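Counting from 0, one number per residue, gives the positions in the sequence shown under the working numbering. Here a beta-carbon is modelled for each residue, glycine too, at the ideal position from N, C-alpha and C. Because the structure is a prediction, the values reported are computed rather than measured. Structure first, then comments.
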Amino acid sequence: GNSLRRILLSSLPGAAITNIQIDGVLHEFSTVKGVREDVAQIILNIKGLALKMYGQEEKTLEIDITGPATVTAGDIIVDSDVEILNKEMYICTVSEGATFHARLTVRPGRGYVQADENKKDDMPIGVLPVDSIYTPVRRVNYQVENTRVGRRDDFDKLTIEIWTDGSIEPLDAMSLAAKIMTEHLDIFVNLTDEAKHAEIMVEK
0 GNSLRRILLS SLPGAAITNI QIDGVLHEFS TVKGVREDVA QIILNIKGLA
50 LKMYGQEEKT LEIDITGPAT VTAGDIIVDS DVEILNKEMY ICTVSEGATF
100 HARLTVRPGR GYVQADENKK DDMPIGVLPV DSIYTPVRRV NYQVENTRVG
150 RRDDFDKLTI EIWTDGSIEP LDAMSLAAKI MTEHLDIFVN LTDEAKHAEI
200 MVEK
């Protein structure tokens, strides 16, 4: 149960924002004229995006809003390779006459990548690398309890609860995690021919 939980939370593929560029902003401690939130808060909000990518290429998304407006994830301009799953998610509030223009870079990946790792040497001033949380699984609970099968009461029952961001179904996430776990264990199974070809009876 714990091994599957760790794989579900760290090893499944997903998509995330890697950097953000906002017009008129040079660093994350700036403010944007006419926008209620400061840049640090805007970045924090954008990191909550739930994304689904249908390709493996890095993509640039845009937000281009003139106030007065409440900017949400649904205002992000995407192409057919990217889907925003939580369109109602709040990003910022733009006052009357002000503009908010931002570019977001998104790419597929796995696990968690710190902002420093998303920073490139040739990155222009004003492009702000952010922490990328690729995993589509938000939370996992598991419980092991004794159970009876027929007259025998020495069996264990494993119950797993999975919450995702909507880019993958919990059942698919479970199957993929089990596949990853199996393929890693195959390395040890194949250490000897005897174990590799041994027949193992598994009760279903």
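Asked, Found
"From the DSSP output, in three-state form, read off residue 59 for me.", "strand"
"Which residue from 4, 76 and 29 puts its Cα closest to that of residue 126?", "29"
"May I have the straight-line CA-CA distance separating residue 12 from residue 74, to the nearest angstrom?", "25 angstroms"
"Please report the Cβ distance between residue 88 and residue 48, rounded to the nearest whole angstrom; I am assuming they are in contact, meaning their Cβ atoms lie under 8 angstroms.", "7 angstroms"
"Given a threshold of 16 other Cβ atoms within 10 Å of its Cβ, counted over all protein chains shown, does residue 52 qualify as buried or as exposed?", "buried"
"Could you spell out the range, first to last residue, of the alpha helix (DSSP H) harbouring residue 181?", "169 to 188"
"In the DSSP assignment, find the beta strand (DSSP E) that holds residue 7 and state where it starts and stops.", "From DSSP, residue 7 is part of no beta strand (DSSP E) but of the alpha helix (DSSP H) over 1 to 9."
"Could you give the residue range of the alpha helix (DSSP H) that holds residue 43?", "38 to 45"
"Could you check what DSSP says for residue 114 in three-state terms: helix, strand or coil?", "helix"
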